[in-house]
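Chains as they are written, first to last, in this note's numbering: chain A, 596 to 992; chain B, 186 to 359.
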Amino acid sequence: MVLEATMICIDNSEWMRNGDYSPSRFQAQADAVSLICGAKTQSNPENTVGILTMAGKGVRVLATPTSDLGKVLSCMHGLEMGGEMNLAAGIQIAQLALKHRQNKNQQQRIIVFAGSPIKHEKKALEMIGKKLKKNSVALDIVNFGEDEDGKPEKLEALLASVNNNDTSHIVHVPAGQNALSDVLISTPVFTGDGEGGSGFAAAAAAAAAGGVSDFDFGVDPNIDPELALALRVSMEEERARQEAAAKRAAEEATRQEKGEEAQPQSDSQNATMNATEKASDPMDEDDALLKQALALSMNIPGSDSSAGDAQMSEATNDDQEFALALQMSMQDGSKDSSAQSDVSKVLGDQSFMSSILSSLPGVDPNDPKVKDLLASLPSQSEPQEKKEEDEQPKDDK
Amino acid sequence: MDVIKTQQISPRPIEKVIVHPLVLLSIVDNYNRVAKDTRKRVIGVLLGTSFKGTVDVTNSYAVPFEEDEKDPSIWFLDPNYHESMFSMFKRINAKEHVVGWYSTGPKLRENDLDIHRLFHNYVPNPVLVIIDVQPKELGIPTKAYYDVEEVKEDITLVVKITPFSPANSSETLA
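Put into structure tokens, the structure is as follows:
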């Protein structure tokens with residue numbers, strides 16, 4: 596809740612036409628800017644935000660620091676790309692604009708989007724940084740877009756000369772699937788020096804980014820309450836089952852030999868994995884899966900691990916849960932090599948099945964047919980074959 | 186914003202600039218309060234009317250302006266302040282619109298052309314008036330300029346600020 600006046604320096608040079616950030620670098624930048632404006636004004640109503648463009652015919656101040664979000668956002672409209680970015684001039688003019696802020700109690704901050712190559716020398720940037728530090732202006736740098744030799748070093752040098760008590764930050768955003776704004780949300784640029792606008796950021800993340808969500812099941816209870824309820828019910832059932840399974844597994848583990856011990860362990864591991872998977876943030880899911888994979892590959896003797904890895908990499912591209920299934924089946928691979936029975940073992944795990952079903956679009960766990968299927972799963976004999984055929988078309992959906 | 190942009194459909198080349206005394210007084214007063222004994226200059230907007238090639242400058246106000254002494258290409262002029270101020274002035278006298286800008290100089294500086302270009306957004310042919318706030322000799326303390334685009338021999342477009350001939354810039358006394 597720091598009282599701040601922020602100037603955002605936008606790069607609207609020719610390099611922003613590139614499409615390596617979807618939909619285009621410029622659009623990704625514009626989205627990020629609007630999110631930042633929103634976060635800043637939300638975290639403290641007296642915060643002000645201003646915008647200037649660094650390329651085009653020259654550095655142009657579009658909006659001086661104002662708390663009127665509408666004015667700031669409307670300035671972003673109709674911006675044209677062209678020319679080369681002038682980073683030094685942009686930062687200096689931003690500093691001048693901040694000098695003229697109306698409320699002198701506000702902290703000064705500049706956020707720079709550096710997407711094109713930097714033609715200034717490191718020394719020049721460092722001098723600018725020192726001047727900013729002298730005037731107690733904090734600087735956040737978003738390094739994206741062009742990846743030129745020496746660009747990260749120049750920016751790091753600039754950051755080092757500005758940084759005062761860790762108030763300034765730099766974020767490197769590589770091109771890829773993640774939108775620029777999503778990556779920025781989790782960085783200190785958004786969260787300020789602590790909590791900052793994280794509440795707003797979390798809400799924005801849930802609204803804007805489809806896949807990443809703060810809700811337990813990837814479904815907003817506001818949007819689809821029935822599905823959310825169904826998922827919650829199935830998860831509770833699953834949890835109860837897993838507890839029972841874990842107890843059973845623990846008993847079996849103490850009784851059985853080492854070779855078979857691995858399987859119930861992995862079962863219970865997978866079971867707990869599923870539980871933790873559901874409850875935790877999707878980001879942690881990746882880490883947990885990775886750890887799981889590592890642990891399993893440690894257990895498996897050398898020859899199997901290579902096959903396991905190869906199939907793992909294919910599977911993770913498609914479906915992480917399927918990858919789990921494959922891991923499990925790799926475990927049994929030493930005894931039982933036919934793919935059919937691997938799949939049947941996978942299908943036999945009811946908890947796992949319910950988790951697959953709930954993640955399939957268009958499958959309602961409360962559907963009577965689905966419930967019948969789930970109910971008949973524990974009996975693992977011939978009905979198994981029939982279930983496979985039923986499942987194949989469902990899986991193909 | 187339509188309130189700001191003038192309705193001059195065909196900008197007639199300006200031949201005469203008349204500066205009213207209120208303008209001179211307020212500029213000098215502002216300079217004395219803010220930038221006296223410093224090397225800083227004061228920049229502001231000129232309001233008035235233009236009719237048949239003659240510009241009547243009747244009002245003015247200073248705007249927050251900052252420039253880097255060492256690097257003339259670094260300068261900042263607050264456009265939001267200007268727009269708010271002008272919309273308020275328009276309420277008291279709708280005939281007054283932006284006709285140009287002034288600087289306390291005392292001479293032309295390198296970034297004047299860039300600043301002049303900024304004012305093209307508000308008026309088709311803005312006028313720059315340099316007011317000498319500490320004149321050494323008696324005379325008219327103003328100099329008016331406008332910009333002209335020229336194509337040089339090597340087919341480059343050059344924009345220059347050229348003065349009005351002294352006979353054409355005059356001052357009325359109350």
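Virtual Cβ for every residue (Gly too), placed ideally from N, Cα, C.
(request) Would you mind stating whether A:Ile998 and A:Ser763 have Cβ atoms separated by less than 9 Å? (result) Beyond the ends of chain A as shown, which are 596 and 992, falls residue 998 of chain A; an answer cannot be given.
(message) Please report the distance separating the alpha-carbon of A:Asp615 from that of A:Phe621.
(response) Numbered from 1 along the first sequence, position 20 holds the residue referred to as residue 615 of chain A. Numbered from 1 along the first sequence, position 26 holds the residue referred to as residue 621 of chain A. A:Asp615 and A:Phe621: Cα-Cα distance of roughly 10 Å.
(request) Give the DSSP bridge partners of A:Cys604, in chain order. (result) Within the first sequence, the letter at position 9 stands for residue 604 of chain A. Answer by DSSP bridge pairing, in chain order: A:Leu647, A:Val707.
(message) Here's the rule: buried if 16 or more other CB atoms are within 10 angstroms of the residue's CB, otherwise exposed. What is B:Lys321?
(response) Stepping through the second sequence from its first residue, residue 321 of chain B is reached at position 136. Exposure of B:Lys321 is indicated by the presence of fewer than 16 other C-beta atoms within 10 angstroms of its C-beta.
(request) Leaving out five residues on either side along the sequence, give the residues of the same chain with a beta carbon under 6 Å from the beta carbon of A:Ile713. (result) As a working mapping, residue 713 of chain A is identified with position 118 in the first sequence. The beta carbon of A:Ile713 is closer than 6 Å to those of Leu682, Lys746, Lys749 in its chain, skipping five residues each way along the sequence.
(message) Residues in the same chain with beta-carbon distance under 6 Å from A:Thr643, minus the five sequence neighbours each way, listed in chain order, please.
(response) Looking up residue 643 of chain A in the first sequence gives position 48. The answer, listed in chain order, is Ala600, Pro660, Thr661, Ser662.
(request) Examine chain A for any beta-carbon lying closer than 9 Å to the beta-carbon of B:Asn265, and answer yes or no. (result) Locating residue 265 of chain B in the second sequence gives position 80, counting from the first residue. Yes, contact with chain A.
(request) Evaluate A:Asp819 with the Cβ neighbour count: other Cβ atoms within 10 Å of its Cβ, from every protein chain shown; 16 or more gives buried, anything less gives exposed. (result) Translated into the one-based positions of the first sequence, residue 819 of chain A becomes position 224. Exposed.
(request) Pick out whichever of A:Asn607, A:Gln637, A:Leu691, A:Val778 has its Cα sitting closest to the Cα of B:Phe250. (result) Residue numbering aside, residue 250 of chain B sits at position 65 when the second sequence is read from its first letter. Minimum Cα distance to B:Phe250 is reached at A:Leu691.
(request) On a CA-only basis, which of A:Ile686, A:Glu832, A:Cys632 is nearest A:Cys670? Give me that one, please. (result) Counting from one through the first sequence, the residue named residue 670 of chain A turns up at place 75. Closest option to A:Cys670, Cα to Cα, is A:Cys632.
(request) Go to A:Ile765, then tell me how far its beta strand (DSSP E) extends in each direction, as first and last residue. (result) For the purposes of this step, residue 765 of chain A is identified with residue 170 of the first sequence, where counting begins at 1. Counting along the chain, A:Ile765 sits inside the beta strand (DSSP E) bounded by residues 764-767.
(request) Measure the CB-CB distance between A:Ser629 and A:Met680 and report whether it falls below 9 Å. (result) One-based indexing of the first sequence puts residue 629 of chain A at position 34. One-based indexing of the first sequence puts residue 680 of chain A at position 85. Against a cut-off of 9 Å, the Cβ pair of A:Met680 and A:Ser629 comes out as no contact.
(message) Give me the chain B residues within the contact set of A:Ala600, using Cβ-Cβ distance strictly less than 9 Å, ordered along the chain.
(response) For the purposes of this step, residue 600 of chain A is taken as the residue at position 5 of the first sequence. Near A:Ala600 there are no residues of chain B at all, since even the closest Cβ is about 13 Å away, more than 9 Å.
(request) Give the single residue among A:Glu716, A:Gln687, A:Ile765 whose Cα lies nearest to the Cα of A:Lys729. (result) Here the question's residue 729 of chain A lines up with position 134 in the first sequence. Among A:Glu716, A:Gln687, A:Ile765, the Cα nearest to that of A:Lys729 is on A:Gln687.
(request) Can you tell me which of the three DSSP states A:Ser908 falls into? (result) Working through the first sequence from its first residue, we reach residue 908 of chain A at position 313. Its pLDDT being 47, under 50, A:Ser908 is placed unreliably in this model, and the coordinates cannot settle the point.
(request) Can you give me, in chain order, the residues of the segment 611-630 of chain A that have a beta carbon less than 9 Å from any beta carbon in chain B? (result) none
(message) Could you check whether A:Gly677 and A:Met649 sit closer than 9 Å to each other, using their CB atoms as the reference points?
(response) Working through the first sequence from its first residue, we reach residue 649 of chain A at position 54. Working through the first sequence from its first residue, we reach residue 677 of chain A at position 82. Contact: no.
(message) Bridge partners for B:Ser288 per DSSP, in chain order?
(response) Working through the second sequence from its first residue, we reach residue 288 of chain B at position 103. Looking at the DSSP assignment, B:Ser288 forms a beta bridge with B:Ile228, B:Ile315.
(message) Just to confirm before moving on: does the CB-CB distance between A:Asp626 and A:Gly740 stay below 9 Å?
(response) In the first sequence, the residue the question calls residue 626 of chain A occupies position 31. In the first sequence, the residue the question calls residue 740 of chain A occupies position 145. Going by C-beta atoms, A:Asp626 is not nearer than 9 Å to A:Gly740.
(message) Taking the straight line between their C-alpha atoms, what separation do you get for A:Ala839 and A:Leu775?
(response) Stepping through the first sequence from its first residue, residue 839 of chain A is reached at position 244. Stepping through the first sequence from its first residue, residue 775 of chain A is reached at position 180. Going by the C-alpha atoms only, they are around 44 Å apart.
(message) Please identify, using Cβ separations under 8 Å, the residues of the segment 680-696 of chain A that lie next to chain B, in order along the chain.
(response) Ala684, Gln687, Ile688, Leu691, Ala692, Lys694, His695
(message) Quick check on B:Asp297 - is its C-beta less than 9 Å from some C-beta in chain A?
(response) One-based indexing of the second sequence puts residue 297 of chain B at position 112. No, no contact with chain A.
(request) Could you list the residues in the segment 246-270 of chain B with a C-beta less than 7 Å from some C-beta on chain A, going in chain order? (result) Pro249, Glu251, Asp253, Ser258, Ile259, Phe261, Asp263, Pro264, Asn265
(message) Counting only beta-carbon separations shorter than 9 Å, does A:Ala650 have a partner in chain E?
(response) Among the protein chains of the structure shown, namely A and B, there is no chain E.
(message) Determine whether the beta carbon atoms of B:Pro264 and B:Gly285 lie at a separation below 9 Å.
(response) Working through the second sequence from its first residue, we reach residue 264 of chain B at position 79. Working through the second sequence from its first residue, we reach residue 285 of chain B at position 100. No, they are not a contact pair.
(message) Using beta carbons (cut-off 9 Å, strictly below), is A:Val707 in contact with chain B?
(response) For the purposes of this step, residue 707 of chain A is identified with residue 112 of the first sequence, where counting begins at 1. False, the Cβ-Cβ gap to chain B never drops below 9 Å.
(request) Tell whether a beta-carbon distance below 9 Å holds between A:Asn738 and A:Val778. (result) Taking the first sequence and counting its residues from 1, the one referred to as residue 738 of chain A is at position 143. Taking the first sequence and counting its residues from 1, the one referred to as residue 778 of chain A is at position 183. Result no, Cβ atoms of A:Asn738 and A:Val778 do not sit closer than 9 Å.
(request) State the beta-bridge partners of A:Asn738 as determined by DSSP. (result) Stepping through the first sequence from its first residue, residue 738 of chain A is reached at position 143. A:Ala709, A:His767.
(request) Tell me whether A:Met611 is buried or exposed, calling it buried when 16 or more other Cβ atoms sit within 10 Å of its Cβ. (result) As a position in the first sequence, residue 611 of chain A is number 16, starting the count at 1. So A:Met611 counts as buried.
(request) Confirm, please, whether the CB-CB distance from B:Arg197 to B:Gly229 is below 9 Å. (result) Position 44 of the second sequence, counting from 1, holds the residue named residue 229 of chain B. Position 12 of the second sequence, counting from 1, holds the residue named residue 197 of chain B. Not a contact, by the Cβ cut-off of 9 Å.
(request) Since I believe B:Asn244 is in contact with B:Phe274 (beta carbons under 8 Å), could you give me their beta-carbon distance rounded to a whole number of angstroms? (result) Within the second sequence, numbered from 1, the residue matching residue 274 of chain B stands at position 89. Within the second sequence, numbered from 1, the residue matching residue 244 of chain B stands at position 59. Indeed, because the Cβ distance is near 7 Å, the residues count as touching under 8 Å.
(request) Verify whether the separation of the beta carbon atoms of B:Val314 and B:Lys337 is less than 9 Å. (result) If you number the second sequence from 1, residue 314 of chain B lands on position 129. If you number the second sequence from 1, residue 337 of chain B lands on position 152. For B:Val314 and B:Lys337, no; Cβs fall outside 9 Å.
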